[in-house]
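Participant: Chains as they are written, first to last, in the numbering used here: chain A, 288 to 643; chain B, 84 to 329.
C-beta: ideal position from N, C-alpha, C; glycine also.
Starting off with a structure, shown below.
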Ligand code: SF4
Ligand code: SF4
Ligand code: SF4
Ligand code: SF4
Ligand code: SF4
């Protein structure tokens, strides 16, 4: 093994040993599992889920997309933020302490995490999120299987330049492993049987990526995603919002499964004797009917169509104006999991583009 | 300060919710330590007419129930309906779509004339209710949360979004993706989507959300090859009373 490598080759067997070594050193490793290994409910196979792994055999790197994105480790569905005493008054913030290696994150999900990093480090910064993020190692992997509803290739999310510590690409008999951070470089030193990638192998990686991108193009935005902010200008009264939201359950699925959706609700739980309590947060979503409800019962978005439209404006325009990002990475989770199949961003955006 | 006095009453129901309260264990020690239970047929002998909070299980199914619940309402400062039978009418309302005389004879046989039953209804159809603890049976944690909020003078948090939210947080595979039907998209959350987590689907025991999208529900049922008649049966399993009203 050479000195500093930016692009290394690791044999498949070596990768196996690498994961075993991470586990041996008592790291908590989270990887993608077939859901049937997690839930034991008949019929749950063929769906993928991030879950802690105990051996390299449990890890799947050839998944198409997970049901819930890895955001659940950075912004958990329920998270205690602080505990307090009321008499005498005192507050103690909870500090996330767990170190985590997420092994196998697709580029579109890494882009989503990069977007969240931006959102949560903007003042007022979110210390709980940032602390978890700091303690999370991200090992990316390029997709080999394409989810039926994915369209990341037309959202500029087929590859990612940063945000990972290591990035793996399966080029057949071995993996190309790209180092993305200092943390990644020191992890690589732990990996057995690595060597520097030869130019032909780097070319092979490009080929694998191009090939995957082409397959993902089966579903695509009919225009450049960078046009989205201007496309949405003046479309607030378009018939599509009423038409599509007619079948909307306001179930929030499209928000909760989205890797770029970060909304949460904060609640307090006070002990029965009113002496102490805790504050926690839990996932929320702009499609839920009480999302924009304020004290006194007023609701800024009381109609289904308003909430339905709001999400597309956030994805294609609002976040772009605030942070410079298009907040849809084309994972296709909302498209696949919406009970009425009305949440697919390409169906909506392509139709707006057609102007009908 | 004396402890708030709590009375527990039952109407037409299976007592499953009271069983949940009996089974509270540690949670109950904490919360029930803050109150004094003065009337509870299922768990104690003594009875008292002086109470602040009335917990009511079961549906109203006859004239006599009406008088009894009105008297309870007058005495209680706070009245809480617990369990689907009390909050939405629940299973009892299935009979509302059948001939009342037939149902009466079926249940009470030759004593049918003793029971002057009528269409089953939730407690709120007869007297104002201050809070609902939904579910069939109720969720113990939610029961404790609601009771706690009421004792602290706060409005209890009762979700008005579909079970799908709880289901996503639980990390389940949506049964729709597996080609099975589910009432989750129109049913009020708060149960943690426990039935889906356990491998079943949601049959709607917590009743519908405030503004359910019934057009979408019909469309969904249709997509699963469920006829309008079967769909109605599915909805009437728990929400027959609400369905009549709609
Ligand atoms: S997932 Fe579909 S039905 Fe549910 S809120 Fe989103 S658009 Fe509406
Ligand atoms: S909007 Fe839908 S397709 Fe886009 S990132 Fe979110 S879940 Fe994925
Ligand atoms: S709500 Fe369910 S558990 Fe409670 S009394 Fe009715 S049938 Fe029994
Ligand atoms: S299984 Fe039912 S409750 Fe869960 S997400 Fe699917 S439709 Fe909603
Ligand atoms: S999942 Fe549905 S049927 Fe089961 S407890 Fe919740 S509301 Fe009731």
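Please list, in chain order, all residues of the same chain as residue 430 (chain A) whose beta carbon is under 6 Å from its beta carbon, the five residues on each side excluded.
Facilitator: Closer than 6 Å at Cβ, skipping near neighbours: 393 and 499.
Participant: Exposed or buried, what is residue 631 (chain A) when buried is set at 16 or more other beta-carbons lying within 10 Å of its beta-carbon?
Facilitator: The residue is buried, with at least 16 neighbouring Cβ atoms inside 10 Å.
Participant: Please report how far the alpha carbon of residue 94 (chain B) lies from the alpha carbon of residue 347 (chain A), in whole angstroms.
Facilitator: Rounded to whole angstroms, residue 94 (chain B) to residue 347 (chain A) spans 54 Å at the Cα level.
Participant: Under 8 Å between C-beta atoms, does residue 347 (chain A) make it to chain E?
Facilitator: The question asks about chain E, but that chain is absent: this structure's protein chains are A and B.
Participant: Drop a sphere of 10 angstroms on the beta-carbon of residue 526 (chain A), count the other beta-carbons inside from all chains shown, and report buried for 16 or more, exposed for fewer.
Facilitator: Exposed, since its Cβ has fewer than 16 Cβ neighbours within 10 Å.
Participant: What is the DSSP secondary structure of residue 221 (chain B), reduced to helix, strand or coil?
Facilitator: Strand.
Participant: Look at the Cβ atom of residue 442 (chain A), then the Cβ atom of residue 615 (chain A), and state whether they are nearer than 8 Å.
Facilitator: Going by C-beta atoms, residue 442 (chain A) is nearer than 8 Å to residue 615 (chain A).
Participant: Is there a C-beta anywhere in chain A that falls below 8 Å from the one on residue 240 (chain B)?
Facilitator: Taking Cβ atoms only, chain A reaches closer than 8 Å to residue 240 (chain B), which makes this a yes.
Participant: Secondary structure at residue 280 (chain B), three-state DSSP: helix, strand or coil?
Facilitator: Here residue 280 (chain B) sits in helix by DSSP.
Participant: Tell me the rounded alpha-carbon separation between residue 203 (chain B) and residue 276 (chain B).
Facilitator: Taking the straight line joining both Cα atoms gives about 27 Å.
Participant: Is the Cβ of residue 368 (chain A) closer than 8 Å to any Cβ of chain B?
Facilitator: For residue 368 (chain A), the answer is no, since every Cβ of chain B falls outside 8 Å of its Cβ.
Participant: Does the region 480–490 of chain A come close enough to the region 598–614 of chain A that 3 or more CB-CB pairs lie under 8 Å?
Facilitator: No: the two stretches stay apart, fewer than three of their Cβ pairs being nearer than 8 Å.
Participant: Report yes if the C-beta of residue 589 (chain A) is less than 7 Å from at least one heavy atom of ligand 1; otherwise report no.
Facilitator: Residue 589 (chain A) Cβ: outside cutoff for every heavy atom of ligand 1.
Participant: Determine the DSSP secondary structure at residue 419 (chain A), reduced to helix, strand or coil.
Facilitator: Residue 419 (chain A) falls in the helix class under three-state DSSP.
Participant: Along the chain, where does the beta strand (DSSP E) that runs through residue 396 (chain A) open and close?
Facilitator: From DSSP, residue 396 (chain A) is part of no beta strand (DSSP E) but of the alpha helix (DSSP H) over 394–408.
Participant: State whether the region 522–536 of chain A contacts the region 587–594 of chain A, with contact taken as three or more CB pairs (one from each stretch) at a distance under 8 Å.
Facilitator: Cβ pair count under 8 Å is three or more, so yes.
Participant: Would you check whether ligand 2 has a heavy atom nearer than 7 Å to the C-beta of residue 602 (chain A)?
Facilitator: Indeed, a heavy atom of ligand 2 lies less than 7 Å from the Cβ.
Participant: Quick one: does the C-beta of residue 630 (chain A) sit closer than 7 Å to a heavy atom of ligand 1?
Facilitator: Residue 630 (chain A) Cβ: within cutoff of ligand 1.
Participant: Could you spell out the range, first to last residue, of the alpha helix (DSSP H) harbouring residue 319 (chain B)?
Facilitator: Taken as a continuous stretch (DSSP letters only), the alpha helix (DSSP H) holding residue 319 (chain B) covers 311–328.
Participant: Between the region 437–456 of chain A and the region 617–625 of chain A, do three or more beta carbon pairs fall short of 8 Å?
Facilitator: Yes, since at least three Cβ pairs between the region 437–456 of chain A and the region 617–625 of chain A fall closer than 8 Å, the two stretches touch.
Participant: Is residue 248 (chain B) near ligand 2 - that is, is its Cβ less than 7 Å away from at least one heavy atom of it?
Facilitator: Answer for residue 248 (chain B): no, Cβ out of range of ligand 2.
Participant: Take the Cβ of residue 300 (chain A) as the centre, count every other Cβ of all protein chains shown within 10 Å, and call the residue buried at 16 or more, exposed below.
Facilitator: Exposed: under 16 other Cβ atoms inside 10 Å.
Participant: At 9 Å on the CB atoms, spell out the chain B contacts of residue 610 (chain A), in chain order.
Facilitator: What residue 610 (chain A) touches in chain B: nothing, since even the nearest Cβ is about 25 Å away.
Participant: Examine ligand 2 and report whether any of its heavy atoms sits within less than 7 Å of the Cβ of residue 617 (chain A).
Facilitator: It does: the Cβ of residue 617 (chain A) is within 7 Å (strictly closer) of some heavy atom of ligand 2.
Participant: Would you kindly work out how many angstroms separate the C-alpha atoms of residue 194 (chain B) and residue 125 (chain B), rounded to a whole number?
Facilitator: Taking the straight line joining both Cα atoms gives about 25 Å.
Participant: Residues of the region 526–554 of chain A in Cβ contact with chain B at a cutoff of 8 Å, in chain order, please.
Facilitator: For the region 526–554 of chain A, which is checked against every Cβ of chain B, the residues closer than 8 Å are 533, 534, 535, 536, 537, 538, 539, 540, 543, 544 and 554.
Participant: If you reduce the DSSP assignment to three classes, tell me which class residue 150 (chain B) lands in.
Facilitator: Looking at residue 150 (chain B) - three-state DSSP - the assignment turns out to be helix.
Participant: Whose C-beta lies closer than 8 Å to the C-beta of residue 639 (chain A) among residues of the same chain, with five residues either side of it excluded?
Facilitator: Cβ neighbours of residue 639 (chain A) beyond the five flanking positions: 518, 519, 522, 525 and 527.
Participant: In chain order, which continuous runs of the alpha helix (DSSP H) of length 4 or greater are located wholly inside the region 188–239 of chain B?
Facilitator: Those alpha helix (DSSP H) runs which fall completely within the region 188–239 of chain B and span 4+ residues are 223–234.
Participant: Need the endpoints of the alpha helix (DSSP H) that residue 584 (chain A) sits in, please.
Facilitator: First-last for residue 584 (chain A): undefined, no H or E at that position.
Participant: Taking only the alpha-carbon atoms, compute the straight-line gap between residue 128 (chain B) and residue 212 (chain B) and give it to the nearest angstrom.
Facilitator: Using only the alpha carbons, I get a separation of about 26 Å.
Participant: Between residue 289 (chain A) and chain B, is any beta-carbon pair separated by less than 8 Å?
Facilitator: Model confidence at residue 289 (chain A) stands at a pLDDT of 42, short of 50, so the residue's coordinates are unreliable and nothing is read from them.
Participant: Along the chain, where does the beta strand (DSSP E) that runs through residue 301 (chain A) open and close?
Facilitator: Element bounds for residue 301 (chain A): not the beta strand (DSSP E) but the alpha helix (DSSP H), 299–311.
Participant: Between which two residues does the alpha helix (DSSP H) containing residue 454 (chain A) stretch?
Facilitator: Residue 454 (chain A) -> not in any alpha helix (DSSP H); beta strand (DSSP E) instead, spanning 453–457.
Participant: If you draw a straight line from the C-alpha of residue 268 (chain B) to the C-alpha of residue 247 (chain B), how long is it?
Facilitator: The straight-line gap from Cα to Cα measures roughly 6 Å.
Participant: Just to check my reading of the structure: residue 361 (chain A) and residue 420 (chain A) have Cβ atoms closer than 8 Å, yes? What is that Cβ distance to the nearest angstrom?
Facilitator: Contact holds; Cβ gap of about 6 Å.
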